[in-house]
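In this note's numbering, the protein residues as written are 1 to 351.
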């Protein structure tokens with residue numbers, strides 16, 4: 001392997017960034033190169049080749065107008081990022097990397113030979129598009145060029161020095177499209193990410209990994225009882241507990257931006273708060289797999305009452321199964337009800 005290529009890949013493996021890859025039409029050489037250098041398990045969470053149109057559509061969740069386009073590459077990178085969210089198991093940063101291309105094959109092509117390399121992170125997205133000069137290279141040459149572009153894109157995301165050179169003709173150039181969000185709350189409001197964690201020191205990060213307990217609430221206002229529940233739960237679980245606020249509600253309008261910012265401000269120097277758009281627990285569970293939700297006795301009663309699922313017992317069981325399937329459970333705090341202290345033992349749990 002050429003020294004600059006090997007050094008770039010080693011730098012990628014030595015960085016903390018984890019990646020999920022999806023390549024279609026070209027880019028398999030980039031995968032081969034990455035896997036041929038020791039340490040690939042520190043980088044690659046998953047590598048997918050959705051080559052057929054059906055596979056491509058299933059991977060991104062819809063039928064694209066074109067499978068080789070800026071939008072298709074963006075969707076492919078987004079889907080790869082979502083896979084990385086599900087597959088990660090620590091706080092390292094994650095990215096989705098994609099390539100969709102049409103290059104030289106065993107028959108003449110009327111359209112351009114071209115490729116689009118996509119990148120999706122918690123901070124934004126980018127697509128690097130390259131139209132290739134026909135007949136200048138064979139298939140292997142076009143494959144290699146796009147694979148180098150993939151590695152350059154990944155290296156940049158990993159803050160690895162750019163040592164690789166693209167050998168382009170005078171008629172070839174890279175076109176970049178994309179959007180970067182700052183702060184993370186902007187990315188959340190525009191539905192680029194699913195959550196934002198506001199750390200007690202005032203910093204924030206999108207789609208931050210958490211393992212431990214989650215106390216959900218409206219926090220209007222945050223009071224000592226909330227803080228005591230977090231403290232007790234943290235000791236009980238022997239794990240960190242965060243506060244969670246959904247800005248959307250089942251039967252109320254979404255919280256206004258000024259209200260959200262006011263609620264966030266309460267947690268400065270108190271604890272970490274994550275905001276989501278997941279008003280019900282089976283949706284929260286998808287964002288916090290393996291976590292324990294801290295709830296009161298009255299909430300647990302509603303959680304296992306079909307009345308709160310439109311009277312549909314099967315709908316309730318489905319929701320509970322979705323929570324269980326991602327490894328989530330509940331820590332229930334007792335409450336006084338009708339002058340009697342009620343605990344989990346007083347609730348009939350469906351089986």
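Every residue, glycine too, gets a C-beta built ideally from N, C-alpha and C. This one's a predicted model, so the numbers in the text were calculated from it and none came from an experiment.
*Over what stretch of residues does the beta strand (DSSP E) that includes residue 342 continue unbroken?*
340–342
*Compute the beta-carbon to beta-carbon distance between residue 145 and residue 137, rounded to the nearest angstrom, for a pair I have assumed lies under 8 Å.*
7 Å
*Do the CB positions of residue 119 and residue 157 come within less than 9 Å of each other?*
Residue 157 sits close to residue 119, with the two beta carbons spaced by under 9 Å.
*Return helix, strand or coil for residue 321, following the three-state DSSP convention.*
It is helical.
_residue 188 in three-state terms, based on DSSP_ = helix
*Name the residue from 141, 129, 168 and 172 whose alpha carbon lies nearest to the alpha carbon of residue 153.*
129
*Measure the C-alpha to C-alpha separation of residue 7 and residue 236 and round it to an integer number of angstroms.*
Going by the C-alpha atoms only, they are around 47 Å apart.
*Should the stretch 300–313 be regarded as contacting the stretch 265–273, the criterion being three or more beta carbon pairs within less than 8 Å?*
no
*asked:* Among 94, 253 and 213, whose alpha-carbon lies nearest the alpha-carbon of residue 239?
replied: 213
*Output the residue ranges of the beta strand (DSSP E) runs that lie fully inside the stretch 91–162 and measure 3 residues or longer, sorted by chain position.*
94–102, 113–121 and 124–132
*Distance between residue 243 and residue 106 (C-alpha atoms, nearest Å)*: 57 Å
*In three-state terms, what does DSSP make of residue 287?*
helix
_Measuring alpha carbon to alpha carbon, tell me which residue in 226, 98, 278 and 182 is nearest residue 294._
226
*Select from 35, 58, 22 and 59 the residue whose C-alpha is nearest the C-alpha of residue 49.*
22
*Under 6 Å Cβ to Cβ from residue 193, same chain only, skipping five residues before and after it: list those, please.*
122, 187, 206 and 207
*asked:* Between residue 298 and residue 335, how many whole angstroms is the CB-CB distance? I'm expecting something under 8 Å.
replied: 6 Å
*asked:* Need the endpoints of the alpha helix (DSSP H) that residue 367 sits in, please.
replied: Within the shown structure, residues of the chain are numbered from 1 to 351, placing residue 367 beyond reach of any answer.
*Residue burial classification, residue 113 (beta-carbon count within 10 angstroms, cutoff 16)*: buried
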